[in-house]
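Numbering (the UniProt record's numbering), first residue to last: 1 to 197.
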């Protein structure tokens with residue numbers, strides 16, 4: 001999931017010119033690693049993690065760095081082309097990156113809320129998505145230790161967004177038909193402009 005100026009999801013493209021050259025270069029490098037709309041891996045279901053080893057810990061560390069450099073607040077392994085059930089997120093800038101391995105939704109509250117979401121894999125697109133406000137998720141950390149997260153608000157939204165990625169579900173699948181059509185048109189136009197450049 002990408003940052004948004006209202007602490008939600010997508011960093012506005014207008015912010016890019018204000019970045020210092022090193023930060024802008026790091027963001028560009030990170031975004032080149034993130035799979036974009038149209039890549040079949042984004043519609044694939046990730047497999048459970050069974051080995052909790054140095055490779056997994058390095059993957060989690062790398063995902064956290066890419067997420068930060070890309071100005072994201074969440075990232076799923078599938079967005080990097082890795083089909084394992086791993087996600088990382090950080091909703092507060094000063095907080096540590098949290099990794100959830102093999103996350104499962106244990107409970108979600110009845111209260112639901114609509115908010116704009118963006119996605120690092122759908123650059124420049126914001127769509128309204130309705131989600132439960134409160135969730136409880138059971139998972140493991142990168143060492144295999146059990147973790148239970150009770151989240152609300154933005155944290156709950158980010159976790160659900162990234163868990164969707166692990167099941168091959170995008171925000172385009174969770175929004176209204178009209179918003180989906182508009183978003184796909186914008187993505188196609190952007191892709192055509194990128195090819196022409």
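Here a beta-carbon is modelled for each residue, glycine too, at the ideal position from N, C-alpha and C. All figures in this text were calculated on a predicted structure; none of them were measured in a lab.
Roughly how many whole angstroms lie between the Cα atoms of residue i and residue j?
i           : j           : result
residue 198 : residue 19  : The shown model of the chain, from 1 to 197, leaves out residue 198, and the question about it has no answer.
residue 193 : residue 144 : 44 Å
residue 191 : residue 141 : 37 Å
residue 186 : residue 126 : 10 Å
residue 172 : residue 61  : 28 Å
residue 128 : residue 99  : 26 Å
residue 42  : residue 79  : 6 Å
residue 107 : residue 195 : 44 Å
residue 85  : residue 178 : 31 Å
residue 54  : residue 197 : 41 Å
residue 81  : residue 40  : 9 Å
residue 88  : residue 51  : 17 Å
residue 163 : residue 188 : 25 Å
residue 176 : residue 153 : 21 Å
residue 118 : residue 90  : 15 Å
residue 168 : residue 161 : 11 Å
residue 67  : residue 57  : 15 Å
residue 174 : residue 22  : 36 Å
residue 59  : residue 149 : 21 Å
residue 111 : residue 131 : 9 Å
residue 65  : residue 139 : 21 Å
residue 63  : residue 151 : 21 Å
residue 13  : residue 109 : At residue 13, the pLDDT of 38 sits below 50, so the modelled position is not reliable and the matter cannot be decided from this model.
residue 24  : residue 180 : 29 Å
By the DSSP assignment, the alpha helix (DSSP H) with residue i in it spans what residues?
i           : result
residue 190 : 177-196
residue 158 : 153-166
residue 61  : 54-69
Since residue i and residue j should fall inside the 8 Å C-beta cutoff, what is the C-beta to C-beta distance between them, to a whole number of angstroms?
i          : j           : result
residue 48 : residue 102 : 5 Å
Cα-Cα, which of the options is closest to residue i?
i           : options           : result
residue 170 : 24, 37, 31, 21    : 37
residue 92  : 73, 182, 167      : 73
residue 165 : 21, 90, 50, 35    : 35
residue 182 : 64, 75, 131, 122  : 122
residue 28  : 111, 109, 150, 71 : 71
residue 124 : 44, 184, 24       : 184
residue 44  : 83, 63, 24        : 83
Looking at the secondary structure, which residues open and close the beta strand (DSSP E) in which residue i lies?
i           : result
residue 96  : Run containing residue 96: none; DSSP gives neither H nor E here.
residue 21  : Unbroken run through residue 21 is the alpha helix (DSSP H), 21-33; no beta strand (DSSP E).
residue 132 : 122-132
residue 87  : 86-89
residue 115 : 112-119
residue 75  : 74-76
Is the separation between the beta-carbon of residue i and that of residue j shorter than 8 Å?
i           : j           : result
residue 113 : residue 137 : no
residue 158 : residue 1   : yes
residue 46  : residue 77  : yes
residue 26  : residue 69  : yes
residue 115 : residue 135 : no
residue 105 : residue 75  : no
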